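So the structure is just underneath, and the comments pick up after that.
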Amino acid sequence: MVTEAAIWAIFLLPLGSFAFAALVVRPFFNRYSLISGIVTIAALGTALGFSIWTLRSVVLGHNLDFEPFEWLEVGGATIEMGLLVDPLTAVMLVVVSGVSLLVQVYSLGYMKGDASFSRYYAYMSLFTAAMLGLVLASNIIQLYVFWELVGVSSYLLIGFWHERPAAAAAAKKAFIITRIGDVGFIIAILYLFTQADAFAAAGLNAFHIPDIWEAAQPEAAAGAILGGAVLTWLALGIFAGAAGKSGQFPLHTWLPDAMEGPTPVSALIHAATMVAAGVFLVARFFPVFEQSADAMTVVALVGAFTAIFAASMGLVMNDIKRVMAYSTISQLGYMMAALGLGLYAAAIFHLVTHAAFKALLFLGAGSVNHATGTFDMRYMGGLWRHLPVTYVLVVVAGLSLVGIIPLAGFWSKDEILLGAWNGNGPVDTWVSRVTFSALLAGVIVTAFYTIRMIILTFHGEFRGGIDRELEEKAQSAPAGASSPEGNGGHGGVHLAESPWVMVLPMVVLGVGALLLGYLANPQWNEEIGIPKHWITGFLGDGLGAALGAVGHAETLDFSRWMATVSTVAALSGIGLAVLVYLRRRDQRADPLERLKPLHTLLSQKYYLDTLYEDVMVRKGFFKYFAGTVDWIDRNLVDGVVDLIGWFFRNIGTAIGKLQTGQVQAYATGIAFGVLAIILALLLA
Amino acid sequence: MSFEGFMIVSAVLFCIGLYGSLARRNVLAVLMSIELMFNAVNITLVAMAKYLAPAALQDDISSVLTGQVFAIFIITVAAAEIALGLGIVFAMYRTHESVDLTEATQLRN
């Protein structure tokens, strides 16, 4: 059985490596910055070991209820810190520490020679530590602390190359937009503060997560402290926070811009940490969401809409990382939709498989960038000859994303589609139907953009890489007007496979993207000691056990019919993409550009950035709101101050007039003054 | 003559002096009016010394003379003051070619 200290170590080890890299290596041994990379990898390797130990312990059903320790006492409310170890936590621990470890190893090659190598590893350690702390938190306040830490470290990493204005702007954007969602989350937490007494009366702690679950159950012995419309709003507040972090519509705009960070950071953000935090948060409070059909409907519909909406933008992006970013948003939409339809286990299962293949896709993009120096697919092409390993791995990851049997993505996506079709969740039937249609359409779009991305990058003839891009930029733009968008620090084209430290983690992830889906959730019978429907049953049982009830343990049996439908959808998307792109005449033009208005709409991202930045921020906020405030400041606030100043300046002038220099006038004043005093004394 | 009589004379004299010093424009007239006020005060002091002090301080003879001594002091000071004042009047006449007080407004503002 895993000890409490070992579980704490999972979180404390990366935190320690952060402290070591930031406080020891960077200030004193910056010349030997490789140390910080090695220390981080060692810490994460150990953390992964402990995570697997924890997972094993949870699987074996050990009692892992640890006593939380008291952190703060505010008024009547006690805030504790502790560990909440359930199947969800255990699975997330392995995913986060595993993906993070592989990304750190990859970074050894990718970030080699970067001037801020130590800083990079310090941030990465902090990021991982924050995410692991978030996963382990047993208290909603504790969870919120790590939630914000994840936000801060993503800010630091997206803006890692802060000397580039685009990166600094993207970091700010990510921070601010996620913060908009966090307002909902903090309101939900503040509501719990107001209910602290009611919780205490029932012997519960308003911030302890299992107690919040219990308080939301109508049939619980404690009685439903949270219920009705309040419960819906509480759930929606939490969902707002999750939507911000997980890039759900309408708070998704930060995620594509977050591509400004180093590519391994994107891999980590998109696979295991930042965006997974939102899905994790909804899953963590699933027993609360489940009690409100309205909240579940919102989650499902937002997820379904995001899935198709983001995928459509992925169709036209020229930047390979942006295609993947929209793909991530879309896949997060699948997870959210699954959660909204009550498919708790399927959503987390998809999170796990997605972590594997999306991390691989991003690392593949990094590898391509390593060779060509650019991320713009218009300047790639024909790379399969030069980067065979990367090519194979990206194809595996891409087909896994598309959902081709028997790759990982197929099994988890199929689970979601099947559950949506069955529609046994707490939401109305029409919600299930709408969600199912959106998700199935999403499969076609996903297949199309994935194959487009692979063909543009790896097939056809090579179109020049960064050298050509800079050349064309220099021709079209006035000399020295703008610096290239291309990733700094990898200048020059050298078409060769990346070094083994970069390839090795990709191979490991490739094996995951290949096998994880079936082996984690065997469909027909036990495989190499893994029971049938292992991960979905495991997660579902964990949720049921927490509530002292069964009801989530049912697993979906494989449906040949649904597999056929989704495969046909995927293949039609693939076929269409191959048809359009593989044999196109003009290698330099995108055939989709012929659909002029639609292409413009999509490549302008539905004008949402324009709406947010120009209309809402510049006009709405700067011009009208800030303008009004400015007017009030100028005219009312300054007006009062100016009036006071004017009064005293002018009263001075008025009094000054009395000072005539006429001695007799003064004397008259004195005389009458004395007279007045005497009179006053006599009359008193 | 009664104490009230002295007081009335003194008050009348003081008021005339005050009026003169506030209302006259000629510096010499103002100086003279000030002298009138001095003398009004002197009358008061001496009258008080004669009528009121003995009743208050029967034993101590020296305190009976306080009023008179004060009066002499005031006469002395007044003499000095008038000498100084006339000096200023001379200076004023030299610079302004006039002894009109309303024109001496250099200390304005």
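Protein chains in written order, with my numbering: chain A, 768 to 1451; chain B, 322 to 430. Yeah, the Cβ is synthetic: ideal placement off N, Cα and C, and Gly gets one too. Computed from a prediction, not measured in an experiment: that's the story for all the values here.
Proximity test, Cβ basis, 8 Å: residue i and chain B
i	result
Val1430/A	yes
Ala1434/A	yes
Thr1427/A	yes
Ala1447/A	no
Ala1454/A	Lying before the first or after the last residue shown, residue 1454/A is absent from chain A, which here runs from 768 to 1451.
Ala1438/A	yes
Integer-rounded CB distance, given that residue j should sit under 8 Å from residue i
i	j	result
Ser885/A	Ala788/A	5 Å
Ile1221/A	Val1163/A	Between Val1163/A and Ile1221/A the Cβ distance is about 11 Å, and since that is not below 8 Å, they are no contact.
Asp1024/A	Ala941/A	7 Å
Leu903/A	Thr856/A	6 Å
Ile747/A	Asn906/A	Chain A is shown only over 768 to 1451; residue 747/A falls outside these bounds and no answer can be derived.
Leu1068/A	Thr1202/A	7 Å
Ala1038/A	Ala1122/A	4 Å
Leu1106/A	Ser1326/A	No, Leu1106/A and Ser1326/A are not in contact; Cβ-Cβ is about 21 Å, not under 8 Å.
Thr1178/A	Tyr1111/A	Before going further, note that residue 1178/A is Trp rather than Thr in the sequence given. In fact, because the Cβ distance is near 16 Å, the residues do not count as touching under 8 Å.
Phe1006/A	Val1065/A	7 Å
Start-to-end residues for the beta strand (DSSP E) that takes in residue i
i	result
Trp838/A	Phe836 to Val841
Per-residue DSSP class, three states only, for residue i
i	result
Met848/A	strand
Asp853/A	coil
Asn363/B	helix
Ala1246/A	Low per-residue confidence applies at Ala1246/A: pLDDT is 44, beneath 50, and the placement is therefore not dependable, though the value from the model is reported in the following sentence. Coil, per DSSP.
His1117/A	helix
His1300/A	coil
Pro1251/A	Caution is warranted here: a pLDDT of 41 is assigned to Pro1251/A, below 50, making its placement in the model unreliable, and the coordinate value is therefore given only provisionally. Note: Pro1251/A maps to coil in three-state DSSP.
Asn906/A	strand
Asp1376/A	helix
Asn1460/A	With chain A represented from 768 up to 1451, any question about residue 1460/A goes unanswered, as that position is not in the structure.
Asp1324/A	coil
Asp1143/A	strand
Asn1402/A	helix
Asn797/A	helix
Ile943/A	helix
Asp881/A	coil
Contact with chain A by residue i, beta-carbon distance below 8 Å
i	result
Ser342/B	yes
Thr387/B	no
Leu422/B	yes
Leu366/B	no
Thr397/B	no
Leu357/B	no
Thr416/B	no
Leu407/B	no
Ala425/B	yes
Leu373/B	no
Leu339/B	yes
Bounding residues of the alpha helix (DSSP H) (the contiguous stretch that carries residue i)
i	result
Glu402/B	Thr387 to His417
Trp1178/A	Ala1175 to Asn1189
Ser1033/A	Thr1030 to Ala1038
Gly812/A	Leu801 to Val826
Glu1363/A	The sequence given here places Lys at residue 1363/A; Glu does not occur at that position. Segment Lys1363 to Ser1370, the alpha helix (DSSP H) holding Lys1363/A.
Arg1200/A	Thr1196 to Phe1225
Asn1417/A	Asp1405 to Leu1425
Leu1110/A	Looking at the DSSP string, Leu1110/A is not in any alpha helix (DSSP H), and its letter there is neither H nor E.
Tyr340/B	Phe324 to Ala344
Thr1435/A	Val1430 to Leu1450
Thr1073/A	Ala1060 to Gly1081
Closer than 7 Å: residue i CB and nearest the ligand MN heavy atom
i	result
Ile944/A	For the structure depicted, the ligand MN is absent and the ligand set is empty, with no information on it obtainable.
Status (buried if at least 16 other CB within 10 Å, exposed otherwise) for residue i
i	result
Val826/A	exposed
Lys1391/A	The sequence shown places Tyr at residue 1391/A, rather than the Lys named in the question. Classification of Tyr1391/A: exposed, given that the 10 Å Cβ count is below 16.
His1137/A	buried
Leu1448/A	exposed
Ser1249/A	For Ser1249/A, the pLDDT reaches just 39, beneath the cut-off of 50, and the residue's location in the model is therefore unreliable, although a value from the coordinates is still provided. Ser1249/A should be labelled exposed.
Asn717/A	Because chain A spans 768 through 1451 in this model, residue 717/A falls outside it and cannot be assessed.
Glu1383/A	According to the sequence shown, residue 1383/A is Met rather than Glu. It counts as exposed.
Asn1288/A	buried
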